[in-house]
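The next block holds one structure in the form of structure tokens; read it before the comments.
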Amino acid sequence: MYSKFKKMKKLFFSMFLILNISLLVAQDISKVEDIVAFQEHLNSEFANPEESPLTSEDLKKFKALEFFDIDTTYVIEAEFLRTPAEPPFAMPTTTNRMPIYVKYGEAYFDLEGQSFKLNSYQNQELITKPGYVDYLFVPFTDATNGETSYGGGGRYLDLRIPTGNTITLNFNKAYNPYCAYNGKYSCSIPPLENEISVAIPVGVKKHKK
6 MYSKFKKMKK LFFSMFLILN ISLLVAQDIS KVEDIVAFQE HLNSEFANPE ESPLTSEDLK
66 KFKALEFFDI DTTYVIEAEF LRTPAEPPFA MPTTTNRMPI YVKYGEAYFD LEGQSFKLNS
126 YQNQELITKP GYVDYLFVPF TDATNGETSY GGGGRYLDLR IPTGNTITLN FNKAYNPYCA
186 YNGKYSCSIP PLENEISVAI PVGVKKHKK
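Just so it is clear: in the sequence shown, position 159 is 164 by the numbering used here, and no numbers are missing.
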């Protein structure tokens with residue numbers, strides 16, 4: 006009887022492991038599909054003369070943006086802390102333009118054994134436009150800047166206001182500001198407090214001219 010019980014216990018444990026592994030694999034596949042869709046959308050935008058930030062010369066030879074390999078390790082569920090009553094401020098850009106932002110919240114997460122915080126912001130003009138009332142802007146720098154990713158001002162993440170106390174930071178969706186491709190654009194410079202001291206080797210790579 007005891008032997009039969011042990012066998013049943015092992016069977017249930019094995020089934021539990023298989024089920025959990027299957028769920029994890031399915032979740033990873035879903036994440037990868039989401040990232041691939043993002044890359045395809047970005048490439049489509051850059052190939053479209055009506056939307057592309059590329060110069061006319063670069064657009065003629067454009068085939069696709071260069072991305073780091075997809076890595077779901079960099080899809081991070083961060084703790085989100087709302088920071089109400091923050092004062093408006095002018096965020097520096099690559100030109101003399103000074104758009105007005107308000108810090109909306111803070112995202113806390115661990116990476117490579119270290120703890121980090123990223124601030125999210127709302128552009129006070131942009132949020133008045135349809136579809137952007139819950140838009141969050143997360144400009145950041147990391148150890149790849151100037152090496153394998155854009156070094157003139159970091160990269161950006163586009164997020165939406167979460168409904169709970171966590172927020173997904175999918176660094177595979179990190180993209181370059183338009184001024185990385187064309188000097189006619191004015192791009193926000195990531196605040197110093199949004200510096201990540203380790204490498205984030207995912208997302209869009211440095212533009213090769």
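Glycine included, C-beta positions come from ideal geometry on N, C-alpha and C.
- Non-local beta-carbon contacts of D147 in its own chain, meaning distances under 7 Å to residues more than five positions away in sequence, involve I201, V203, A204 and I205 in chain order.
- Under the DSSP definition of a beta bridge, A69 lacks any partner.
- Taken atom to atom, the span from the alpha-carbon of L131 to that of L162 is near 15 Å.
- Residue pairing for E84: DSSP places it in a beta bridge opposite Y113 and T171.
- Between the alpha carbons of S125 and I166 lies a gap of roughly 10 Å.
- CA-to-CA, the gap between T88 and Y109 works out to about 6 Å.
- With respect to the 9 Å criterion, V207 and I75 are classified as neighbours on the basis of their beta carbons.
- Between F145 and L123, the beta carbon gap of about 6 Å places them in contact (Cβ cut-off 8 Å).
- The beta carbons of I105 and G158 sit about 18 Å from each other, so the pair does not count as a contact at 8 Å.
- Looking at the backbone, the Cα of D63 and that of A90 are separated by about 44 Å.
- For F85, the CB contacts under 7 Å within the same chain, skipping 5 residues up- and downstream, are G110, A112, P167, N170, T171 and I172 in chain order.
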